Amino acid sequence: MRIPISLSCADQWCWRGDVRGVYTVKQGYRLQMEGVMNEPFQFTAWRVLWQTKLPPTILNFVWRCGRDVLPTRMALAGRGINVDPLCPLCHSFQETPLHLFKLCSHTCRLWDAISDLPMVCPGDSFAAWLSKVIEGRKEVVVRECLALCWSIWKCRNDLLWSNKTWEPGEVVRRSNALLVEWSMVQTASGITLNDSAVHAVAPTTDNGITIHVDAAVFPNREEGFVSAVVHASDGRFLAARNSPVRSLRDPVLAEAMAIKEALSWAKDCGWQVVAIYSDCQVVCNLLKDTSPSYSYSGCVVSDCIALKRYFVDVSFHFVSRSSNTLAHALARATASRTGSRTWFFAIPDCIQRFLLVN
Ligand SMILES: [Zn+2]
3 MRIPISLSCA
13 DQWCWRGDVR
23 GVYTVKQGYR
33 LQMEGVMNEP
43 FQFTAWRVLW
53 QTKLPPTILN
63 FVWRCGRDVL
73 PTRMALAGRG
83 INVDPLCPLC
93 HSFQETPLHL
103 FKLCSHTCRL
113 WDAISDLPMV
123 CPGDSFAAWL
133 SKVIEGRKEV
143 VVRECLALCW
153 SIWKCRNDLL
163 WSNKTWEPGE
173 VVRRSNALLV
183 EWSMVQTASG
193 ITLNDSAVHA
203 VAPTTDNGIT
213 IHVDAAVFPN
223 REEGFVSAVV
233 HASDGRFLAA
243 RNSPVRSLRD
253 PVLAEAMAIK
263 EALSWAKDCG
273 WQVVAIYSDC
283 QVVCNLLKDT
293 SPSYSYSGCV
303 VSDCIALKRY
313 FVDVSFHFVS
323 RSSNTLAHAL
333 ARATASRTGS
343 RTWFFAIPDC
353 IQRFLLVN
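Quick note, the working numbering runs 2 ahead of the 1-based positions in the sequence shown.
The structure is reproduced here in structure tokens:
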């Protein structure tokens with residue numbers, strides 16, 4: 003008997019070292035090396051980090067660096083997302099955090115202005131190096147370092163998502179502006195900026211995204227097809243994805259799977275504030291209903307609610323079919339191919355005509 007649908011409902015082998023139960027070579031290697039190499043890859047400066055007076059957004063960013071969950075291109079490619087793993091600045095090396103922030107020819111000189119920084123030792127990850135900075139340096143150096151990291155990341159994102167030109171001068175300007183801002187807030191009020199950030203959760207809503215989802219089910223196939231189209235809060239297209247799912251020819255189940263797939267993907271991408279839009283009223287009602295449900299669709303809805311814990315905020319909204327044309331077209335287009343596909347920079351051909359009309 004095939005029991006597809008919900009991972010929470012079936013017995014299976016899983017990897018104990020991972021929160022999702024998924025084995026990766028990287029985790030196996032780390033486990034093997036623990037104790038042998040005194041954990042050289044680890045970020046250990048958590049206690050000092052939480053005592054550093056910085057805005058919650060920055061602390062969250064450093065937390066993601068320390069946990070090695072920053073969605074660099076290499077990290078996304080490692081999760082099977084169809085994205086060019088090369089550094090968007092130099093196009094010569096894989097974009098790991100260590101490369102992007104420290105080793106890239108476009109960023110390495112930016113560090114010259116900060117004195118008393120530790121060397122990057124062989125075997126260091128960016129998290130390990132950052133840990134040395136935070137644990138061993140004066141607070142002013144830590145702030146300079148983190149302001150520069152944050153500015154590099156923001157300018158890198160502007161290049162990727164808004165096609166802005168990479169300007170080293172702009173990175174430095176942003177970094178300096180941040181330092182001035184932080185010191186003014188502190189001297190003006192004496193308040194500690196990290197009061198609300200003890201648990202390192204991004205509190206910002208300005209980087210929220212919307213995801214329109216839909217599903218397509220065909221009478222002769224047990225497989226359904228789901229889609230997700232992602233926009234920034236200002237309406238810019240960010241990404242899209244479609245994939246096949248086991249739907250047992252049940253349209254409601256397929257619609258629930260569409261939301262679950264979208265949430266899983268958003269989690270992997272590191273999006274923290276997510277609004278999901280579905281044109282399936284039944285599933286939207288199930289998501290709001292707290293009474294137990296034992297249907298396949300109910301199991302999937304339970305999975306969706308469980309996934310919410312990985313986000314700062316997730317909301318579910320019903321939209322009319324006519325407001326969901328992009329996701330609808332993308333789901334139906336999936337049926338002609340196998341496997342999932344993700345677009346990060348280019349709008350999928352099958353939905354471009356709708357954007358032109360709109
Ligand atoms: Zn580079």
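Even glycine gets a Cβ: it sits at the ideal position worked out from N, Cα and C. Computed from a predicted model, the values in this text were never measured in an experiment.
Which partner residues of residue i appear in the DSSP bridge assignment?
| i | result |
| --- | --- |
| residue 226 | 219, 247 |
| residue 96 | 88 |
| residue 315 | 275 |
| residue 344 | 243 |
| residue 280 | 215, 320 |
Going by the beta-carbon positions, is the gap between residue i and residue j smaller than 8 Å?
| i | j | result |
| --- | --- | --- |
| residue 266 | residue 244 | no |
| residue 366 | residue 259 | No answer is possible for residue 366: it lies beyond the span of the chain, which begins at 3 and ends at 360. |
| residue 232 | residue 261 | no |
| residue 242 | residue 332 | yes |
| residue 309 | residue 269 | yes |
| residue 280 | residue 257 | yes |
| residue 334 | residue 84 | no |
| residue 255 | residue 299 | yes |
| residue 161 | residue 90 | yes |
| residue 60 | residue 148 | yes |
| residue 320 | residue 283 | yes |
| residue 330 | residue 216 | yes |
Grouping DSSP H, G and I as helix and E and B as strand, with all else coil, what is residue i?
| i | result |
| --- | --- |
| residue 213 | strand |
| residue 321 | coil |
| residue 198 | The predicted model places residue 198 with a pLDDT of 27, which falls under 50 and marks its position as unreliable; any figure quoted below should be read in that light. In this structure, residue 198 counts as coil in the three-state DSSP scheme. |
| residue 258 | helix |
| residue 233 | strand |
| residue 297 | coil |
| residue 180 | helix |
| residue 160 | helix |
| residue 122 | coil |
| residue 305 | helix |
| residue 354 | helix |
| residue 82 | coil |
| residue 117 | coil |
- Message: Can you tell me which residues fall inside 5 Å of ligand 1, judged by beta-carbon distance to its nearest heavy atom, and keep chain order?
- Response: The answer, residue by residue, is 89, 91, 92, 106.
- Query: Does the pairing of the segment 172-181 with the segment 145-153 give three or more beta-carbon distances under 8 Å?
  - Reply: yes
- Task: Check whether the segment 281-298 touches the segment 88-102, counting contact only when three or more Cβ pairs, one atom from each stretch, lie closer than 8 Å.
- Result: No, they do not touch.
- Task: Pair every Cβ in the segment 76-84 with every Cβ in the segment 157-174, then say whether three or more of these pairs are closer than 8 Å.
- Result: no
- Message: Pairs of beta-carbons, one from the segment 316-327 and one from the segment 57-69, closer than 8 Å: are there three or more?
- Response: no
- Task: Would you check if the segment 134-147 and the segment 114-122 touch, i.e. whether three or more CB-CB distances between them fall below 8 Å?
- Result: yes
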